[in-house]
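Below is one structure, written out as structure tokens; comments come after it.
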Amino acid sequence: MLFPHTKTRRTLLRHANPPEGVTAHDLLLKAELNDLPSAEVFGALYSKEVSAQFLVERRDTDRVVGYVSFHHLDLSGQHMRASFLTDPAVAGNGLGAEVTLMTINYAFAMWNVRKIYFWTTETDFDVFRTAFNAAHKEATLPEHLYDRGVLRDVHIYAVYREQWEEHGAELLNKLTQGPGERRKAASTVSAAPTDSTEASEGEKS
Amino acid sequence: MTEMFVSDQKKEVREQIEREALKIVLFGSYELGIPDLTDLGEIPEPSDLGNLDSFSIILLILALEDTYGVSLLDDMAGFTGRNFDDLADFVIERLPPRAEGQK
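Protein sequences appear in the order of chains E and S.
Per our numbering, the very first residue in the first sequence carries number 1; after that it's consecutive.
Per our numbering, the very first residue in the second sequence carries number 1001; after that it's consecutive.
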């Protein structure tokens, strides 16, 4: 059973609820995020058919450093799309990876989907680099998206629930706990009786 | 004498960082379930934080927290260093003081 974490020790996902007439893109412009995609790209890849959306905040400063959205939910096909962005100037030292992990985990925890798609115009998307090979590249749509006078390729990646539950969720759990809590949790697990121990104790009685 | 002691500690922490970083670059894929070591011969030995991607940095910080039992991640937002020496200083600042000669 996955827990829908919306915070780690240093990062928080806060529900974004823009007032009538204000878009999430407007909120991010106001927060002065660097490298914000154009309104066209944002509208096409991040904010259509949205089921839930969050602003990413640094917990030490409360500063908005990114955005996460969940959209195009298809319960028949059991898949959905998720998108996220972070400001590289203020979200370094692995914070982008934390947001990625929370995004994937939240989708699998909250919706009955078997895979999550990420559409991106970036070819070297951080999430899909060496250390995190859980994402499968499923397609490329050549010259698919109009962006400021240029047609950009769109790359489609997917993360599967089975793989996430087996390997990814544990890493996110570690990010929500300090070293002391992790050590305590590990010693509790190692001290718990195993099935075989319980069976042999049952046999004795 | 004290300078030498500090320098020894920094050397130890730096070596630990190098070991963990290399392990992550080589075996980080195992951590997340898909071992792919087909290009193993081409993986450069990491010598700088710039050699590590966002996920590798997280794995490195968690490993150092477990090794030294101190919290690092919470303060990482304020860390602006780019190399392993800077990270070693960052770790040492958070370690409890130890007596000279203590291993």
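Even for Gly, the Cβ is constructed at its ideal location relative to N, Cα and C.
The structure presented is a predicted model; accordingly, all values stated were derived computationally and were not measured.
- [ ] Would you mind working out which of 60/E, 30/E, 31/E, 23/E sits nearest residue 42/E, comparing C-alpha positions?
- [x] 23/E
Task: Spatial distance of residue 1023/S from residue 146/E (CA atoms) - done: 42 Å
Task: Euclidean distance between Cα positions of residue 118/E and residue 1096/S - done: 43 Å
Open item on the list: If we define contact as Cβ-Cβ less than 8 Å, is residue 98/E a contact residue for chain S?
Closed with: yes
TODO: Could you pull out every residue in the same chain whose Cβ sits closer than 8 Å to the Cβ of residue 1052/S, ignoring the five residues on either side in sequence?
DONE: For residue 1052/S, the CB contacts under 8 Å within the same chain, skipping 5 residues up- and downstream, are 1021, 1024, 1025, 1046, 1060 in chain order.
Open item on the list: Can you tell me whether residue 4/E is helix, strand or coil according to DSSP?
Closed with: coil
Open item on the list: Which same chain residues end up closer than 6 Å to residue 85/E when comparing Cβ atoms and leaving out the 5 residues on each side of it in sequence?
Closed with: 66, 67
- [ ] Using the Cα positions of residue 1057/S and residue 2/E, report the straight-line distance between them to the nearest angstrom.
- [x] 24 Å
Open item on the list: Between which residues of its own chain and residue 59/E is the CB-CB distance below 8 Å, once the five residues before and five after are set aside?
Closed with: 7, 9, 10, 11, 12
Task: Under 8 Å from the C-beta of residue 175/E: neighbouring residues of chain S - done: 1058, 1062, 1073
Open item on the list: Between the alpha carbons of residue 71/E and residue 64/E, how many angstroms are there, rounded?
Closed with: 21 Å
Open item on the list: Rounding to the nearest angstrom, what Cα-Cα distance links residue 50/E and residue 139/E in this structure?
Closed with: 22 Å
Open item on the list: I'd like to know whether the C-beta of residue 9/E is nearer than 8 Å to at least one C-beta of chain S.
Closed with: Residue 9/E counts as touching chain S.
- [ ] Go ahead and label residue 74/E buried or exposed: buried means 16 or more other beta carbons lie within 10 angstroms of its beta carbon, across all protein chains shown.
- [x] Label assigned to residue 74/E: exposed.
Open item on the list: Quick check on this structure: which residue in 88/E, 96/E, 114/E has the alpha carbon closest to the alpha carbon of residue 76/E?
Closed with: Residue 114/E is the option with its Cα nearest to residue 76/E.
Task: Contact set between residue 105/E and chain S, taken where Cβ atoms lie within less than 9 Å - done: Neighbours of residue 105/E on chain S: none; closest Cβ ~13 Å, over 9 Å.
Open item on the list: Against residue 1070/S, what residues of chain E qualify as contacts under a CB-to-CB distance less than 7 Å, listed in chain order?
Closed with: 179
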